[in-house]
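**Student:** Mapping the sequence shown onto UniProt numbering, position 51 (from 1) lands on 51, and the numbers just tick up by one. Beta carbons are placed, not taken as given, at the ideal position from N, Cα and C, and that holds for glycine. Quick one: the structure is below, questions incoming.
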Amino acid sequence: KVESYLQMNWGSSQLDADLELLRDQATQDAKANLRGFVPIPGPGAPRDQLLAAVVKNVRWQIDNNRKTKALKQLQGHLWKAAYQSGEVQGQVFTDVAPAIKQWVAAGMRVFIYSSGSRQAQRLLFRHTTAGDLTSLLSGYFDTNIGAKVESASYKQILETVGEENPEQVLFATDMHGEAVAAQEAGMDVVIMRRPGNGDLPPTC
């Protein structure tokens, strides 16, 4: 998908900016002598050579689970195009939309906290298999507020949403480490058991 996106958007100012960030990151990686890093030639290089290098660099970053600004920016634009074209939809379990609607109707606020960027979260919930759910959500948090396994992150969320009584907040997750961190911050917690989830401790 990366290669087809690059080909379709080649020459656009948005993609040019993305490529410049990737090139700068590749230069930093070269200086750091990162194992397996993929150099990206300058803008004057032949198109096929440049395109192949960018695809290889992006795949290397993804394979190494890197979270660089350059990669996130390109991925954000790629996902946006895929969602808007209808090629991709956000997959949600069938009970998610009814539950959120019920909570909102009861006067509750619903927030999302994800390792994905806030932009990515908005795109996903705007284009889900259950329709556009963004009007039901009060806000989004990503790891800019802190790691999901650190209690300080949840305390910061409480402060941001203006909730002085953490026990009034229910945090739903499928990750034990996140549940522990939220509980340490005073939140009530529920662990969701879903198909494909990782293993949980026997006590869960």
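Considering only C-alpha positions, which residue in the set Arg118, Arg193 and Pro166 is nearest to Gln183?
**Tutor:** Working through the sequence shown from its first residue, we reach residue 183 at position 183. The candidate whose alpha carbon is nearest that of Gln183 is Pro166.
**Student:** Just to confirm, are Gln102 and Ile112 a CB contact at a threshold of 8 Å?
**Tutor:** Here residue 102 refers to the residue found at position 102 of the sequence shown. Here residue 112 refers to the residue found at position 112 of the sequence shown. Not in contact: Gln102 and Ile112 (Cβ atoms no closer than 8 Å).
**Student:** Could you tell me which residues DSSP pairs with Leu74 in its beta bridges?
**Tutor:** For the purposes of this step, residue 74 is taken as the residue at position 74 of the sequence shown. DSSP output for Leu74 lists no bridge partner at all.
**Student:** What's the C-alpha gap between Lys56 and Asn64?
**Tutor:** For the purposes of this step, residue 56 is taken as residue 56 along the sequence shown, with counting starting at 1. For the purposes of this step, residue 64 is taken as residue 64 along the sequence shown, with counting starting at 1. Each residue's alpha carbon lies about 12 Å from the other.
**Student:** Whole angstroms is fine: what's the gap from Lys155's alpha carbon to Pro43's?
**Tutor:** Working through the sequence shown from its first residue, we reach residue 155 at position 155. Working through the sequence shown from its first residue, we reach residue 43 at position 43. About 45 Å.
**Student:** To the nearest angstrom, how far is it from the Cα of Gly196 to the Cα of Met175?
**Tutor:** Numbered from 1 along the sequence shown, position 196 holds the residue referred to as residue 196. Numbered from 1 along the sequence shown, position 175 holds the residue referred to as residue 175. If you take the alpha carbons of Gly196 and Met175, they lie about 12 Å apart.
**Student:** Can you give me the Cβ contacts of Met192 inside the same chain, cut-off strictly under 8 Å, excluding the 5 residues immediately before and after it?
**Tutor:** For the purposes of this step, residue 192 is identified with residue 192 of the sequence shown, where counting begins at 1. Closer than 8 Å at Cβ, skipping near neighbours: Ala172, Thr173 and Asp174.
**Student:** Taking DSSP as the reference, what is the three-state secondary structure of residue 205?
**Tutor:** Since the first and last residues shown for the chain are 1 and 204, residue 205 lies out of range.
**Student:** Can you name the start and end residues of the beta strand (DSSP E) that Phe125 belongs to?
**Tutor:** Here the question's residue 125 lines up with position 125 in the sequence shown. No beta strand (DSSP E) holds Phe125; the alpha helix (DSSP H) holding it covers Arg118 to Arg126.
**Student:** Classify residue 239 as buried or exposed, calling it buried when 16 or more other Cβ atoms lie within 10 Å of its own Cβ.
**Tutor:** Outside the modelled stretch of the chain, which goes from 1 to 204, sits residue 239, for which no answer is possible.
**Student:** When you compare only the Cα positions, how much space is there between Gln61 and Thr94?
**Tutor:** Start at 1 with the first residue of the sequence shown, and residue 61 comes out as number 61. Start at 1 with the first residue of the sequence shown, and residue 94 comes out as number 94. Going from the Cα of Gln61 to the Cα of Thr94 covers about 33 Å.
**Student:** Step through the CB atoms of chain B and report whether any lies within less than 8 Å of the CB of Phe141.
**Tutor:** The structure shown contains no chain B; it holds only a single protein chain.
**Student:** Return the bridge partner residues of Phe141 from the DSSP annotation.
**Tutor:** Numbered from 1 along the sequence shown, position 141 holds the residue referred to as residue 141. Partner(s): Tyr113.
**Student:** Would the segment 121-130 and the segment 145-161 be scored as touching if the rule is three or more Cβ pairs under 8 Å?
**Tutor:** no
**Student:** Answer with buried or exposed for Arg23, where buried requires no fewer than 16 other C-beta atoms within 10 angstroms of its C-beta.
**Tutor:** Mapped onto the sequence shown, residue 23 falls at position 23. The residue in question, Arg23, is buried, as its Cβ has 16 or more Cβ neighbours within 10 Å.
**Student:** Look at the alpha carbon of Val110 and the alpha carbon of Ala32, and state the distance between them as a whole number of angstroms.
**Tutor:** If you number the sequence shown from 1, residue 110 lands on position 110. If you number the sequence shown from 1, residue 32 lands on position 32. Each residue's Cα considered, the two are about 42 Å apart.
**Student:** Which first and last residues belong to the alpha helix (DSSP H) in which Thr173 is found?
**Tutor:** As a first step, residue 173 is located in the sequence shown; it is residue number 173 there, counting from the start. That residue, Thr173, is in no alpha helix (DSSP H); its beta strand (DSSP E) goes Leu170 to Thr173.
**Student:** Going by beta-carbon coordinates alone, are Leu78 and Val2 separated by less than 8 Å?
**Tutor:** Counted from its first residue, the sequence shown places residue 78 at position 78. Counted from its first residue, the sequence shown places residue 2 at position 2. Yes, the Cβ-Cβ distance between Leu78 and Val2 is below 8 Å.
**Student:** So Ala179 and Val189 are in contact, right, with Cβ under 8 Å, and what is the actual spacing, rounded?
**Tutor:** Here residue 179 is taken as the residue at index 179 of the sequence shown, counted from 1. Here residue 189 is taken as the residue at index 189 of the sequence shown, counted from 1. At roughly 5 Å, the Cβ-Cβ gap stays under 8 Å, so Ala179 and Val189 are in contact.
**Student:** In the DSSP assignment, find the unbroken alpha helix (DSSP H) run with Arg23 in it and report its ends.
**Tutor:** Here residue 23 refers to the residue found at position 23 when the sequence shown is read from its first residue. Start and end: Ser13 to Lys31.
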